[in-house]
Amino acid sequence: MTTPNTPPRTIIIGAGIVGMCCAWHLRRRGVDVEVVDRLDPGMGCSFGNIGGIAVTEVAPMSVPGLLTKVPGWLMDPLGPLTVRWSYLPKLAPWLIRFLAAGREKEAERIAAAAATLFQHAACDFGSILSDLKAPELLGKDSCVAVYDTKAQFDADTWAYDLRARNGFPCTPVSGAELVDLEPEIAPDFAAGRVYEGWYNVTDPYHVVTTIAEDFVRNGGHIRKAEVVDVIREGGLTTGVRLADGTEMACDNLIIAGGAWSHNLARMLGDNVSLETERGYHTTITDPGVSPSREVVYGPQGFGISPMDSGIRVGGSVELGGLDAPPDYKRAKVLVEKAKRVYPGLRTAGGSEWMGHRPATPDSLPILGRASNFGNAFYAFGHGHVGLTLGPTTGRVIADLVLDGQTDVDLAPFSANRF
Ligand SMILES: Cc1cc2nc3c(=O)[nH]c(=O)nc-3n(C[C@H](O)[C@H](O)[C@H](O)COP(=O)(O)OP(=O)(O)OC[C@H]3O[C@@H](n4cnc5c(N)ncnc54)[C@H](O)[C@@H]3O)c2cc1C
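Every position in the sequence shown, counted from 1, becomes a number in the working numbering once 160 is added.
Written as structure tokens, this is what we have:
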């Protein structure tokens, strides 16, 4: 533990985008920080997302009208949403809360809370990127969603109006305007929406490793190890125990362990509702098409993103827990569907990946102090938008740890809301 002459020591569990942003902000403010992860930085879910700084995405995943789409999706084993039925008994409590979050009033509340974070996202992301002096990480501007039919476009209108009501408008465009924006897409889409203010990074993994390198250059430490226990004394956490039996002492502890964080929070007496929404991607190095922005295929819920390594086709939600092996048929089917968007897409030789989105039922992350331990903090549960909100989370958590307060009201993000 710290003596009066040594700076307080913070351990962060998790070296994904969220943990590394917390580490980076704290280190910049002079804190002695060690990040612990069983993987190298950025090798969890943060490795393979599709790189969207998705600043408009305040609507929860569960919205009014979703229930009418779910049966059709579930009938299709390779549709946008799948449940592994053997996992259903374990999933049920989360699923019930997820469906409850889609009631109109609740979705309104969630979006308003999310907006208090998203309003800072572009600025916080931009200020880390400019501080890193790595302009090559910045990719293309904006994003467009495409729809086969006007009926599909209309089915999403409530969720887009919700974004607009919270200050994040998306602009409707006609099929002809879509072709002007993206000349290589199929000419017969009925309508689309331009997501204002988005941008993409050229590779989300390189974003994390660049932050990690900067953190280490500035005196931060990263250890590759698995945390198996949190050491507690009275109302404080005093350290963590690693799988090899080593004990590491700390003055503050931050849990940023992505989809595994509920196991760690349980050690602190918080039973948070967290599931993994398993997602897939294929990265194609020689795609034969050059999207000038991210393109989301609205009815199928996946995106096609330009990256420095080619293009990445990614999305899908598979509810099947942390342990089941990947089912790469889900990645392959996204590539097949991407040919509907880009008929000229060459699909040979893609690399496939599966990652665990850390998902709460109400789509809001869990941010703030642990319920029973004043020096333990949570920073996890960012679901589909962890890349977007990582830098804001890092800043907010650093403020909370060091100043005891932040510019965001953290009540809607509390661990004991479930
Ligand atoms: C297909 C797909 C596309 C996506 N697209 C986007 C997008 O365009 N924009 C966007 O904003 N978001 C996107 N996301 C979501 C985003 O990738 C995640 O929200 C984000 O990566 C979560 O970051 P994290 O740091 O919380 O978790 P992770 O990156 O998973 O990091 C958590 C780390 O904690 C470690 N850990 C956990 N427990 C322990 C332990 N006990 N001991 C040691 N280490 C431990 C893990 O090893 C892991 O490395 C997408 C996700 C997917 C799957």
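Backbone N, C-alpha and C fix where the C-beta goes; we use that ideal spot for every residue, glycine too.
Count the other CB atoms within 10 Å of the CB of residue i; is the residue buried (16 or more) or exposed (fewer)?
| i | result |
| --- | --- |
| W184 | buried |
| W592 | Only positions 161 to 578 of the chain appear in this structure, which leaves residue 592 out of reach. |
| P295 | exposed |
| C283 | exposed |
| T228 | exposed |
| M180 | buried |
| L524 | buried |
| I256 | exposed |
| M514 | buried |
| T362 | buried |
| D411 | buried |
| T445 | exposed |
| L199 | exposed |
| L494 | buried |
| G190 | exposed |
What are the start and end residues of the alpha helix (DSSP H) that includes residue i?
| i | result |
| --- | --- |
| K229 | L226 to M235 |
| E437 | E437 -> not in any alpha helix (DSSP H); beta strand (DSSP E) instead, spanning E435 to I444. |
| M203 | Segment: none, M203 is in no alpha helix (DSSP H) and carries neither H nor E. |
| I526 | Taken as a continuous stretch (DSSP letters only), I526 belongs to no alpha helix (DSSP H), being part of the beta strand (DSSP E) at I526 to R529. |
| G546 | G546 to D563 |
| V178 | I177 to R188 |
| S117 | Here the chain has residues from 161 to 578 only, and residue 117 is not among them. |
| L238 | Here L238 belongs to no alpha helix (DSSP H), and DSSP marks it neither H nor E. |
| A252 | L248 to A261 |
In angstroms with no decimal places, state the Cα-to-Cα distance between residue i and residue j.
| i | j | result |
| --- | --- | --- |
| V354 | A305 | 6 Å |
| N360 | V455 | 11 Å |
| G560 | D430 | It should be pointed out that residue 560 corresponds to Leu in this sequence rather than to Gly. Whole-angstrom Cα-Cα distance: 19 Å. |
| R169 | G543 | 29 Å |
| D468 | T398 | 43 Å |
| R269 | E435 | 21 Å |
| L562 | M203 | 28 Å |
| M161 | G564 | With a pLDDT of only 49 at M161, under 50, the local geometry of the prediction cannot be trusted, and the value read off the model is given with reservation. Between M161 and G564, the C-alpha separation is close to 20 Å. |
| N576 | W254 | 14 Å |
| G394 | M427 | 14 Å |
| T216 | T406 | 43 Å |
| V333 | H280 | 27 Å |
| T548 | F285 | 7 Å |
| A416 | I210 | 20 Å |
| S222 | D197 | 31 Å |
| L259 | P521 | 8 Å |
| K250 | G225 | 25 Å |
| L482 | A252 | 15 Å |
| L570 | L289 | 25 Å |
| Y457 | A261 | 24 Å |
| D616 | Y502 | In this structure the chain extends from 161 to 578, so residue 616 is not present and cannot be described. |
| T370 | R377 | 10 Å |
| W318 | E512 | 33 Å |
| E478 | G174 | 23 Å |
| E337 | A346 | 12 Å |
| Y488 | G439 | 10 Å |
On the DSSP letters alone, give me the boundaries of the beta strand (DSSP E) that residue i sits inside.
| i | result |
| --- | --- |
| I414 | N412 to I415 |
| V455 | E454 to Y457 |
| F537 | A536 to F540 |
| I171 | R169 to I173 |
| C303 | L298 to Y307 |
| G399 | L396 to L402 |
| S290 | Here S290 belongs to no beta strand (DSSP E); instead the alpha helix (DSSP H) covers E264 to L292. |
| T317 | Unbroken run through T317 is the alpha helix (DSSP H), T317 to R325; no beta strand (DSSP E). |
| A519 | S511 to A519 |
| A409 | E407 to A409 |
Once the 5 residues before and after residue i are set aside, which same chain residues still bring their CB inside 7 Å of it?
| i | result |
| --- | --- |
| P447 | G470, I471, L505 and R506 |
| H422 | V432 and L434 |
| R453 | K300, D301, S302, C303 and V304 |
| G122 | Any property of residue 122 remains undetermined from this structure, which presents the chain solely from 161 to 578. |
| G510 | T442, T443, I444 and V495 |
| P486 | M514 |
Just to confirm my understanding: we take residue i, look at its own chain, exclude 5 residues before and 5 after, and list those with CB closer than 8 Å. What are they?
| i | result |
| --- | --- |
| A350 | Y307, D308, T309, K310, Q312, F313 and G335 |
| A275 | V218, N326, G327 and F328 |
Identify, in the order they occur along the chain, each residue of the same chain with its Cβ nearer than 6 Å to the Cβ of residue i, setting aside the five sequence neighbours on each side.
| i | result |
| --- | --- |
| L413 | I171, T397 and A536 |
| P466 | K300 and P451 |
| T331 | V354 |
| Y365 | G202 and F207 |
| A419 | T436, H516 and P518 |
| V193 | T170, A183, L186, R187 and G380 |
Does the Cβ of residue i lie closer than 7 Å to at least one heavy atom of ligand 3?
| i | result |
| --- | --- |
| L482 | With respect to ligand 3, the structure offers nothing, as its ligand set consists of ligand 1. |
Quick one: complete beta strand (DSSP E) runs, 3+ long, within the stretch 452-492? 454-457, 462-467 and 470-479
Entirely enclosed beta strand (DSSP E) segments - the stretch 332-393, minimum 3 residues: 351-361, 381-384 and 387-393
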